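S.K.: Mapping of the sequence shown onto the working numbering: residues 67 to 380, in sequence order.
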Amino acid sequence: MSDDTTVCNVCKRREAFFFRSYSGMSLCKRCFTQSIEEKTRATIAKYQMFKFDDKIAVAVSGGKDSVSLLHVLAEVELRHPKAQLVAVTVDEGIKGYRDEALKIAAENCEELDVDHCVVSFRELFGYTFDQMVKRLKGEDYVKLTPCASCGVLRRKALNTAARKIGADKLATAHTLDDETQTILLNILHGDVLRIAKEKPVTDEVHPKLVRRIKPFCEIPERETALYAYVRGIRFQSAPCPYASEALRNDARMMLNRMEEKHPGIKFTIFKSIEKIRPAIEETARKEGLGECIECGEPTTDKICRTCQLLKYMK
Ligand code: SF4
Ligand code: ZN
Ligand code: ZN
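1) Here's the rule: buried if 16 or more other CB atoms are within 10 angstroms of the residue's CB, otherwise exposed. What is residue 137?
2) How long is the line joining the alpha carbons of residue 371 and residue 281, rounded to whole angstroms?
3) Answer yes if the segment 357-376 comes into contact with the segment 257-273, meaning at least three C-beta pairs across the two stretches below 8 Å, and no otherwise.
4) Taking 8 Å as the cut-off, decide whether the C-beta atoms of residue 185 and residue 156 are in contact.
5) Are the CB atoms of residue 123 and residue 228 within a distance shorter than 8 Å?
6) Note down, in chain order, each residue of its chain lying with its Cβ closer than 6 Å to the Cβ of residue 405, except the 5 sequence neighbours on either side.
7) Starting from residue 98, trace the alpha helix (DSSP H) both ways and give me its first and last residue.
8) Provide the residue(s) that pair with residue 267 in DSSP beta bridges, ordered along the chain.
9) Applying the 10 Å Cβ sphere with the 16-neighbour rule, what's the burial state of residue 114?
10) State the Cα-Cα distance for the pair residue 231 and residue 126, rounded to the nearest angstrom.
11) Provide the residue span of the alpha helix (DSSP H) that contains residue 296, from first to last.
12) Could you tell me which of 376, 331, 190 and 259 sits nearest to residue 366, measuring between CA atoms?
13) Determine the extent of the beta strand (DSSP E) in which residue 183 is found, giving its start and end residues.
14) What are the boundary residues of the alpha helix (DSSP H) that residue 150 is part of?
15) If I follow the unbroken alpha helix (DSSP H) through residue 140, where does it start and stop?
16) Any contact between the segment 246-262 and the segment 213-223? By contact I mean 3 or more CB pairs, one from each, below 8 Å.
17) So for residue 364, helix, strand or coil by DSSP?
18) Look at the Cβ atom of residue 369, then the Cβ atom of residue 246, and state whether they are nearer than 8 Å.
19) Which partner residues does residue 121 have in the DSSP bridge list?
20) Applying the criterion that 16 or more other CB atoms from any shown protein chain within 10 Å of the CB defines a buried residue, is residue 90 buried or exposed?
21) In the DSSP assignment, find the beta strand (DSSP E) that holds residue 237 and state where it starts and stops.
22) Looking only at C-alpha atoms, which of 170, 178 and 131 sits nearest to residue 150?
23) Among 189, 162 and 324, which residue has its Cα nearest to the Cα of residue 222?
24) Compute the minimum distance between the beta carbon of residue 7 and the heavy atoms of ligand 1, and state whether it is under 7 Å.
25) Give me the Cα-Cα distance between residue 234 and residue 73, rounded to the nearest whole angstrom.
26) Is the beta carbon of residue 175 within less than 7 Å of some heavy atom of ligand 3?
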């Protein structure tokens, strides 16, 4: 190895390719991918996300986070022969976008020998998302952004699919970045009590709601992308044409700028919320914030606004 190369701090043999600023470690490709798998295992153990014989539905959209999660969980599963993985992909019916993602998700499942279940908005709700957007445009009733309504419909679709295949848990690929952005967004929207519900493992709310888990909640998004790149995993990189959550983009940029100047700040935000979540939950209970009986989303009504919207569509 020449003098200007950095040696990996873990194996002390191979050349480092990545500097993890929040831990001060330089890592080679092999030690980096192992570290992601170990960190995910540690998160799963810390929050007791799985039982040894769980059937786990993994939400795989085809993007970098979800395909990386599928590959990491396939590794984790090797040590748990009684556990079972099934990938679930939701086809929202977004022209020119979802078709490629579906193909990529299917390819990854085939490579890993994981069963793949596809559910569509059309078969579940009677309309593609493109049709819903067109139909509801201009309706006063709809004050939600496309992503907000699509997000709840996706959750519903994933839950229905997970329940249909008899899954005990539903794993989603929310990263540390998603979690911290959502915390900030809830504060910026004045919806701070929602933070109580955004947990790494959801509570048992209703027998029809499969418990959701987030094994990547302590992994920065940059590292899930790097994991996919290092392992040569194929993923879809084209953005969704409706992805225009302006405030989330601002929150992302702000957090990334802060992380650059103060490495580890996203972890600090995440851990701070973990500490005060019980107090937020208590306040939420007092204020009557419960879960929608249809989809499990936080709501002060029995049925949340999006589920009401869905009924309205029908
Ligand atoms: Fe749905 Fe928004 Fe995701 Fe597009 S980006 S699939 S509209 S949630
Ligand atoms: Zn190494
Ligand atoms: Zn609902």
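In this text, a Cβ means the ideal position worked out from N, Cα and C, and glycines have one as well. Given the structure is predicted, the values throughout are model-derived calculations rather than measurements.
M.R.: Quick answer:
1) Taking the sequence shown and counting its residues from 1, the one referred to as residue 137 is at position 71. A residue is called buried when at least 16 other Cβ atoms come within 10 angstroms of its Cβ; residue 137 meets this threshold and is buried.
2) Taking the sequence shown and counting its residues from 1, the one referred to as residue 371 is at position 305. Taking the sequence shown and counting its residues from 1, the one referred to as residue 281 is at position 215. Answer to the nearest angstrom: the Cα atoms are 28 Å apart.
3) In short, these stretches touch, since the Cβ pair count reaches three.
4) Against the sequence shown, residue 185 aligns to sequence position 119. Against the sequence shown, residue 156 aligns to sequence position 90. The answer is yes: Cβ separation under 8 Å.
5) Looking up residue 228 in the sequence shown gives position 162. Looking up residue 123 in the sequence shown gives position 57. Cβ atoms of residue 228 and residue 123: closer than 8 Å.
6) Residue 405 falls outside the range modelled here, since the chain spans only 67 to 380, and no answer is possible.
7) Within the sequence shown, residue 98 is the residue found at index 32, counting from 1. Boundaries of the alpha helix (DSSP H) around residue 98: 95-112.
8) Along the sequence shown, read from residue 1 onward, the residue named residue 267 stands at position 201. Per DSSP, 279.
9) Start at 1 with the first residue of the sequence shown, and residue 114 comes out as number 48. Label assigned to residue 114: exposed.
10) The sequence position of residue 231 within the sequence shown is 165, counting from 1. The sequence position of residue 126 within the sequence shown is 60, counting from 1. Residue 231 and residue 126 have their alpha carbons spaced roughly 15 Å apart.
11) Translated into positions along the sequence shown, residue 296 becomes position 230. 287-296 is the span of the alpha helix (DSSP H), which, as asked, contains residue 296.
12) Residue 366 sits at position 300 when you count from the first residue of the sequence shown. Comparing Cα-Cα distances from residue 366 to each of 376, 331, 190 and 259, the minimum goes to 259.
13) Working through the sequence shown from its first residue, we reach residue 183 at position 117. Unbroken beta strand (DSSP E) run through residue 183: 181-186.
14) For this step, residue 150 is matched to residue 84 along the sequence shown. No alpha helix (DSSP H) holds residue 150; the beta strand (DSSP E) holding it covers 150-157.
15) Along the sequence shown, one-based indexing puts residue 140 at 74. Per DSSP, residue 140 belongs to the alpha helix (DSSP H) from 130-144.
16) Output reads no: the segment 213-223 does not touch the segment 246-262.
17) As a position in the sequence shown, residue 364 is number 298, starting the count at 1. Strand, per DSSP.
18) Position 303 of the sequence shown, counting from 1, holds the residue named residue 369. Position 180 of the sequence shown, counting from 1, holds the residue named residue 246. Not in contact: residue 369 and residue 246 (Cβ atoms no closer than 8 Å).
19) Position 55 of the sequence shown, counted from the first residue, corresponds to residue 121. By DSSP's assignment, residue 121 forms a beta bridge with 150.
20) Sequence index remark: in the sequence shown, residue 90 carries index 24 (1-based). Around the CB of residue 90, fewer than 16 other CB atoms lie within 10 Å, so the residue is classed as exposed.
21) Position 171 of the sequence shown holds residue 237. 235-237 is the span of the beta strand (DSSP E), which, as asked, contains residue 237.
22) Mapped onto the sequence shown, residue 150 falls at position 84. Ranking 170, 178 and 131 by Cα distance to residue 150 puts 178 first.
23) In the sequence shown, the residue the question calls residue 222 occupies position 156. Nearest option by C-alpha distance: 189.
24) Outside the shown range of the chain (67 to 380) lies residue 7, about which nothing can therefore be said.
25) Translated into positions along the sequence shown, residue 234 becomes position 168. Translated into positions along the sequence shown, residue 73 becomes position 7. Approximately 43 Å, taken between the alpha carbons.
26) Within the sequence shown, the letter at position 109 stands for residue 175. It does not: the Cβ of residue 175 is nowhere closer than 7 Å to a heavy atom of ligand 3.
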